[in-house]
Amino acid sequence: MNSKAATRKQSKGSGVDFGKAGSTIASGLGKGFNAIFSSKKLMIATFVIVILLVGGIADTVANMGKTYGNVYVAGVDVGGMKPEEVDAKLRDELATDVTHAQVKIYASEDAQRIASGDMTEEERVKQIEKIAQAEQISVEEATANVQSWTTDALTLHAEVPYEQLVEDAMAVGRSNGFIFSRLGLFFMKNEVPVNLSYDESAIESLASDIDNTVGDARVDATVSIADGEATPVQGHDGRMVDRDWLKGQLSTALSSGEEFPGFIAQVTDAPSRITYAEAEKTSDAVNRALQAGAVFSYEGANWTVDASEIGSWTRVETVKNDDGSYALNVQIDEASAIPSVVAGAGAAVKSEDIMVRFARAEDGTIIVRTLGTGNIPEVTPAIAELSEALYGANGVAWSGNISNDPVRIDIQETDAPVALTLDQAIESGIVTVIGEYTTEFSNDEGTENRNHNIKLAADILDNGIIHANGGSWHFNDRSGDTNEAAGFWMAGSIIQGEYVDSVGGGICQVATTVFNAVFEAGLPIDMRFPHQLYIASYPNGRDAAVSYPDLDLWWTNDLTSDVLLDMSYTDTTITAKLYSVYTGRYIEWSESEFTKGADYGVKFEEDPDFAKDVWYTKTTGVDGSSITVYRTVKDESGEVLSDQVFESTYDAKDAVVVVGPGSDTKKIEEEVKASNSGWD
């Protein structure tokens, strides 16, 4: 091999060795630089974490025990406050808004537009006809589509969950959303939603009204029981308001602080939850259970209840199972059965055996205290035993009684407890309803103020205690002056024989309802005034007018136990119930024929837009009248305890006639009188 070749070969080999070394050096340098860069990133990340950690600790310390800034509850700024401060501010600012708020619910956008416009009745009718034509529906359907409902916190028994709202406000930026929520508070406010609590029956009543107007109420297949015989009833699908959605909308509206908030009702598909086959199966089982009846025994006495009576106690309801499915539940309704079972036990709980006193606890609940040492039947356990024997432990009818023998229930005896709640006293049969009455009122456009007054007066009178042995109840003493300072509004009332607006209009309906409950209970009524004008919606001669401080309703408790007045209402009814120990009293009453009183007069109002001798009757005239109601109160043996007479004299109500200028009013009056005798 020549030297050049050897040198070339050697050079080639030496080049390869140098390349590997360079690569190693470059790799080392690269790793070094990467390490430097990585350490910088790590340092930056560490620095950021430290800053966030220090800042977070400082932020936590600075806001220890307080809400973060930019936290609002229904528009009320509660940022930077301690829990007790949040609670106090919400009670101060939110309570008034909620309790005084009225909400308008519209059937449709058309209803909202019509309600928001300043329309006369004629313009409203024309608008409805226009909608009917445009949508190719009947005027009746269009009228339903522009309906609206007005409700308020009183009607719904809405309550603000202050403690929960304080917890929710404190949780913002902490357990609620953590750091992301906390960072967000630097840039925008966080609104804590207000979910009010409601009386479910009031919500259901409102939702049902909406369903029946703009939707189609779902009907579950079920079982009807009449005269001791059960029958399956077919159901159908519907379109209904989602109850949770409705409560959410109401909460937003009531807590908005707006003067008169509103929203448009929405209905969604609501399939029937029970099949007809399930209803048939339940119906067959109920009939098997009812056919033999039941036998109760107490202190050696036995009495039988037949299928018809047990059927009247039985309630069939759709219930939701744990797995989300639905079924028919069959139970004996305690409230329906208790009076009959107590009476069947020989009216074991009587005023001469046991005496009760009602007291109001600090939280407003009613406590019942017994003063006697008598024994009472354990009615509620007996009813529960009957229900289980007939319809099974879980209310599944076909798991209950299938024999032909009557179910036998032995009612146990127990000492009367010293103190218990009202519900416990009712369930045990210690107290019961001794008098009850319900009157109805409209919930149409323009009745909002009157309905507000009715509900407010009922709330004031609710849970009134009338002490035993001569305790008296005066409407005016209990209600106080029903003026603006007390929260009452202007509404229709009767003053000096005319229908006019006055503060507190509507409270006479509350007095009339109480009067009739007392009337039915057979308690002495010491003072009662009829209205000046006859009101056909009340029982003849059984109305009661009140006006502070002159016209009053006054009655006495002549029992040896206290009486409790319970007032309740829905959107269209008000109910008075009197609770006490079972009295065994019953009443017999009658009424005379109406006697004609003074003739009605005719008043004229001139309308410049009318031509001479053109007229129409704005208000129909009614002659005066009088009627007498007689009431006899008897005890269980039929002995007469008292007789009372209630006389009512009603003024004539003048006709009001609108005429054109220069009309012959004398001639028109003759025509009015000829067309309306004013006495029927």
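Read the sequence shown against this note's numbering and you will find it ends at 664, with the numbers running on by one and no gaps.
C-beta atoms are modelled at their ideal positions from N, C-alpha and C, and glycine is treated no differently.
From the options, pick the residue whose C-alpha is nearest to that of residue i; which is it?
{"i": "residue 462", "options": "468, 428, 345 and 440", "result": "440"}
{"i": "residue 70", "options": "94, 90, 133 and 147", "result": "147"}
{"i": "residue 675", "options": "568, 495, 509 and 569", "result": "The question about residue 675 has no answer, for the chain in this structure spans -15 to 664."}
{"i": "residue 546", "options": "352, 79, 303 and 144", "result": "352"}
{"i": "residue 363", "options": "390, 412, 349 and 401", "result": "412"}
{"i": "residue 532", "options": "525, 488 and 519", "result": "488"}
{"i": "residue 230", "options": "205, 248, 631 and 622", "result": "248"}
{"i": "residue 578", "options": "560, 609, 568 and 585", "result": "609"}
{"i": "residue 572", "options": "474, 628 and 584", "result": "628"}
{"i": "residue 445", "options": "498, 180 and 93", "result": "498"}
{"i": "residue 227", "options": "194, 152 and 570", "result": "194"}
{"i": "residue 296", "options": "205, 310, 304 and 321", "result": "321"}
{"i": "residue 624", "options": "637, 630 and 616", "result": "616"}
{"i": "residue 367", "options": "663, 278, 507 and 503", "result": "278"}
{"i": "residue 431", "options": "555, 238, 150 and 53", "result": "555"}
{"i": "residue 492", "options": "507, 504, 518 and 290", "result": "518"}
Excluding the 5 residues preceding and the 5 following residue i in the sequence, name in chain order all residues of the same chain whose CB lies nearer than 6 Å to its CB.
{"i": "residue 77", "result": "60"}
{"i": "residue 2", "result": "Residue confidence for residue 2 is low, a pLDDT of 41 falling below 50, so the modelled location carries little weight and cannot support an answer."}
{"i": "residue 404", "result": "352"}
{"i": "residue 467", "result": "487"}
{"i": "residue 260", "result": "205 and 218"}
{"i": "residue 752", "result": "This structure leaves residue 752 out entirely; the chain is present only between -15 and 664."}
{"i": "residue 276", "result": "388, 389 and 390"}
For the putative contact between residue i and residue j, defined by C-beta atoms under 8 Å, what is the C-beta separation to the nearest angstrom?
{"i": "residue 436", "j": "residue 138", "result": "7 Å"}
{"i": "residue 87", "j": "residue 234", "result": "6 Å"}
{"i": "residue 361", "j": "residue 319", "result": "Contact flag wrong, Cβ pair sits at about 17 Å."}
{"i": "residue 640", "j": "residue 602", "result": "4 Å"}
{"i": "residue 136", "j": "residue 191", "result": "About 16 Å; that fails the 8 Å criterion."}
{"i": "residue 273", "j": "residue 374", "result": "4 Å"}
{"i": "residue 209", "j": "residue 298", "result": "6 Å"}
{"i": "residue 575", "j": "residue 524", "result": "5 Å"}
{"i": "residue 699", "j": "residue 541", "result": "The question about residue 699 has no answer here: the residues shown for the chain are numbered -15 through 664."}
{"i": "residue 515", "j": "residue 534", "result": "Residue 515 to residue 534, Cβ: 14 Å. No contact."}
{"i": "residue 203", "j": "residue 267", "result": "That pair is no contact at about 16 Å."}
{"i": "residue 537", "j": "residue 569", "result": "Incorrect: roughly 20 Å between the Cβ atoms, too far for contact."}
{"i": "residue 183", "j": "residue 130", "result": "Going by Cβ atoms, the distance from residue 183 to residue 130 rounds to 28 Å, so no, they are not a contact pair."}
{"i": "residue 201", "j": "residue 51", "result": "44 Å between Cβ atoms; not a contact."}
{"i": "residue 149", "j": "residue 55", "result": "With 8 Å as the limit, residue 149 and residue 55 do not qualify as a contact, their Cβ atoms being about 11 Å apart."}
{"i": "residue 490", "j": "residue 438", "result": "5 Å"}
State the beta-bridge partners of residue i as determined by DSSP.
{"i": "residue 511", "result": "538"}
{"i": "residue 134", "result": "88"}
{"i": "residue 312", "result": "302"}
{"i": "residue 445", "result": "For residue 445, which the question treats as bridged, DSSP gives no partner whatsoever."}
{"i": "residue 338", "result": "DSSP lists no partner for residue 338."}
{"i": "residue 359", "result": "399"}
{"i": "residue 643", "result": "590 and 599"}
{"i": "residue 200", "result": "223"}
{"i": "residue 344", "result": "350"}
{"i": "residue 455", "result": "541"}
{"i": "residue 174", "result": "55"}
Here's a check: name, in chain order, each residue in its chain whose Cβ is nearer than 7 Å to the Cβ of residue i, leaving out the five neighbours to either side.
{"i": "residue 679", "result": "Beyond the ends of the chain as shown, which are -15 and 664, falls residue 679; an answer cannot be given."}
{"i": "residue 394", "result": "281"}
{"i": "residue 415", "result": "340, 352, 409, 563, 564 and 565"}
{"i": "residue 399", "result": "359"}
{"i": "residue 315", "result": "299, 371, 375 and 379"}
{"i": "residue 652", "result": "599, 641 and 643"}
{"i": "residue 604", "result": "639 and 660"}
{"i": "residue 343", "result": "351 and 353"}
{"i": "residue 460", "result": "530, 532, 533 and 536"}
Could you name the residues of the same chain whose beta carbon sits closer than 8 Å to that of residue i, not counting the 5 residues immediately before and after it, in chain order?
{"i": "residue 73", "result": "60, 62 and 65"}
{"i": "residue 402", "result": "353 and 354"}
{"i": "residue 417", "result": "323, 561, 562 and 563"}
{"i": "residue 521", "result": "423 and 424"}
{"i": "residue 582", "result": "607, 608, 635 and 636"}
{"i": "residue 310", "result": "204, 257, 258, 302, 303 and 304"}
{"i": "residue 49", "result": "66 and 67"}
Does any C-beta atom of chain D lie closer than 9 Å to the C-beta of residue i?
{"i": "residue 559", "result": "Considering every chain present, this structure includes no chain D. It has just one protein chain."}
Whole beta strand (DSSP E) runs in the region 383 to 428 with 3 or more residues, listed along the chain?
-> 391 to 394, 397 to 399, 403 to 405 and 416 to 424
Tell me the start and end of each unbroken alpha helix (DSSP H) in the region 608 to 636 that is at least 4 residues and wholly inside, in chain order.
-> none
Complete beta strand (DSSP E) runs within the region 35 to 99 (minimum length 3 residues, chain order) = 55 to 57 and 86 to 90
Taking the runs of the alpha helix (DSSP H) that are 4 residues or longer, which of them lie wholly in the region 213 to 280?
-> 227 to 238 and 260 to 274
For the region 565 to 601, list the beta strand (DSSP E) runs that are entirely contained and at least 3 residues long, ordered along the chain.
-> 570 to 575 and 586 to 590
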